[in-house]
Each structure stands twice: as C-alpha cells, then as structure tokens.
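Note sheet for the following structure.
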Amino acid sequence: MKILSADFLVSAASSKQFPPPVLPEIAFLGKSNVGKSSLINALLNRKTLVKTSATPGKTRQVNFFLINERFRFVDLPGYGFAAVPQSERSAWRKLCESYVPERESLRGAVMIVDIRHKPARLDQEMKAWLDHFGLQTLVVCNKADKLKRGEIPRALKAAQEALGLEEPPLAVSSKSHLGRDQIWRRIGEWLAERSRIPA
Ligand code: GDP
Numbered sequence: 199m200k201i202l203s204a205d206f207l208v209s210a211a212s213s214k215q216f217p218p219p220v221l222p223e224i225a226f227l228g229k230s231n232v233g234k235s236s237l238i239n240a241l242l243n244r245k246t247l248v249k250t251s252a253t254p255g256k257t258r259q260v261n262f263f264l265i266n267e268r269f270r271f272v273d274l275p276g277y278g279f280a281a282v283p284q285s286e287r288s289a290w291r292k293l294c295e296s297y298v299p300e301r302e303s304l305r306g307a308v309m310i311v312d313i314r315h316k317p318a319r320l321d322q323e324m325k326a327w328l329d330h331f332g333l334q335t336l337v338v339c340n341k342a343d344k345l346k347r348g349e350i351p352r353a354l355k356a357a358q359e360a361l362g363l364e365e366p367p368l369a370v371s372s373k374s375h376l377g378r379d380q381i382w383r384r385i386g387e388w389l390a391e392r393s394r395i396p397a
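Here the sequence shown stands for residues 199 to 397, where the numbers follow my numbering.
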C-alpha cells in the first residue's frame, strides 16, 4: 500500500465523539506496551503520528486516523495495565463496547501481542470477544527482533495454542519492519470487502 497521506482525525473519549462511519475502518488493539503505537507508525511510515502510550491522556481514548483520504485506522486504548483501578477498566470496556460490536464501517482488527510472552488471559478474552462479534482479526506477535530467528516458530506456536488460532500468528517488528507487507496485504483484502464478516 502506498501511503499518500496519513492524518490524525479525532480523539474520542466517548461514542458521541466518533466520526460518522462513512469510511472503512481497521482497528488496532493490544495490551499496553506491546508496541501498538510503534506498529501503526511503522505501517504508515511515520515516526510520531501516533503518540505512544507514555503520552498523558492518550490511553483512554479512541484515536482515528485518515489514510489516503480513503480509509481509517482506529487506535483503541491499550488494555491490561497491571495496576489500573477497576473504574478505569470499566471505562475502557464501555468505550470499546460502544465501538467494536456496533460499528458498521469496521472491516477488521489487528490484535497485537508481545512475541516474548505467551498471550495472557486478557488476550484470550479479547480474542474471544472479537470472535463473538464476528470481526475478522489478524493476530501479530510484535518485537520479533528481540528473539533469535530460531526461537520465533516456537513462540508463534505457543501464541497460536493460547489463542486457539487456526493458523500461527504473524511475527512482526515495528522496529525492523518484519511482517509489514503481510499486514498491509491483509488490510488490503479487508478494505476490498463490504462487511466485517469473513467471506
Ligand atoms: P503501546 O503502548 O502498545 O502503544 O507501545 P509503544 O508503541 O509505546 O511501545 C512500547 C515500547 O516498546 C517502546 O519502548 C517501543 O520503543 C518498544 N517497541 C515497540 N515495538 C517494538 C519492536 O518491534 N521491537 C522492539 N525491540 N521494541 C519495540
């Protein structure tokens, strides 16, 4: 995919602030610190379009980006901070539940896990939740540059088993750009479809 333009559109703290669902959308989600912001920036060839989660206030909002004036990337807030209070967790839940189940322009989700850690219970719940709403999801294991090449297949198998995937997830790296073309290929397929339901 040639990126002609990539612009920040809006940060939404509630569903009232979501832009009208007039363009196809691809959602990104993952536990905090898996490299979600870095991966989106890498896909778009930008260094700092998406602020990392270290930026105050950025973690509890849904951020919309307009790509090539044709489709949107939707950065959902990271889940699974070890120490977040229950109130914040339910705020996350409310926000994401107002987006994923109902958004008619949503075409697919890229779910990011850290290749060095077997997906945790929260990741399993998240995958099951996305499946429940019939959303096609590409699971990617980020930070593959941190493993030796020979260690990657075993890590992918562990993630596949933990998440109950039919195929091994994709090893990617926002640092080395490993897997970037494959992610774009999948996004291209989703954008060519009319709905979120797999054919
Ligand atoms: P987010 O919280 O999921 O948005 O994660 P960030 O994009 O802020 O990344 C969290 C940390 O992981 C930062 O220190 C990044 O530099 C680092 N990081 C992200 N992706 C990669 C990667 O593919 N390889 C390596 N080695 N580090 C990464």
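Where is the CB? At the ideal position from N, CA and C, for every residue including glycine.
Computed from a prediction, not measured in an experiment: that's the story for all the values here.
> Rounded C-beta distance between lysine 344 and arginine 314? I'm assuming under 8 Å.
Replying inline: Translated into the one-based positions of the sequence shown, residue 344 becomes position 146. Translated into the one-based positions of the sequence shown, residue 314 becomes position 116. Right, their Cβ atoms sit about 6 Å apart.
>> Taking the beta carbon of asparagine 340 as the centre, do at least 16 other beta carbons fall within 10 Å, making it buried, or is it exposed?
In response: Here residue 340 is taken as the residue at index 142 of the sequence shown, counted from 1. Buried is the call here.
> Does the beta-carbon of valine 338 have 16 or more other beta-carbons within 10 angstroms, so that it is buried, or is it exposed?
Replying inline: By 1-based counting over the sequence shown, the position of residue 338 is 140. Result: buried.
> By DSSP, does arginine 384 sit in helix, in strand, or in coil?
Replying inline: To locate residue 384, count along the sequence shown from 1; it is residue 186. The answer is helix: DSSP assigns arginine 384 an H, G or I state.
>> Could you check whether valine 308 and leucine 336 sit closer than 7 Å to each other, using their CB atoms as the reference points?
In response: Here residue 336 corresponds to residue number 138 of the sequence shown, with the count starting at 1. Here residue 308 corresponds to residue number 110 of the sequence shown, with the count starting at 1. Yes, the Cβ-Cβ distance between leucine 336 and valine 308 is below 7 Å.
>> Suppose only complete runs of 4+ residues qualify. What are the alpha helix (DSSP H) ranges in the stretch 305-337, listed by chain order?
In response: 319-330
>> What does DSSP give as the partner residue(s) for isoleucine 265 in the beta ladder?
In response: The count along the sequence shown starts at 1 and reaches residue 265 at position 67. Paired residues: Ala204, Phe269.
> Nearest to glutamine 334 by CA position, among Leu320, Glu295, Leu304, Glu323, is which residue?
Replying inline: Numbered from its first residue, the sequence shown carries residue 334 at position 136. Minimum Cα distance to glutamine 334 is reached at Leu304.
>> Please report the straight-line C-alpha distance between phenylalanine 206 and leucine 247, rounded to a whole angstrom.
In response: Locating residue 206 in the sequence shown gives position 8, counting from the first residue. Locating residue 247 in the sequence shown gives position 49, counting from the first residue. Each residue's Cα considered, the two are about 7 Å apart.
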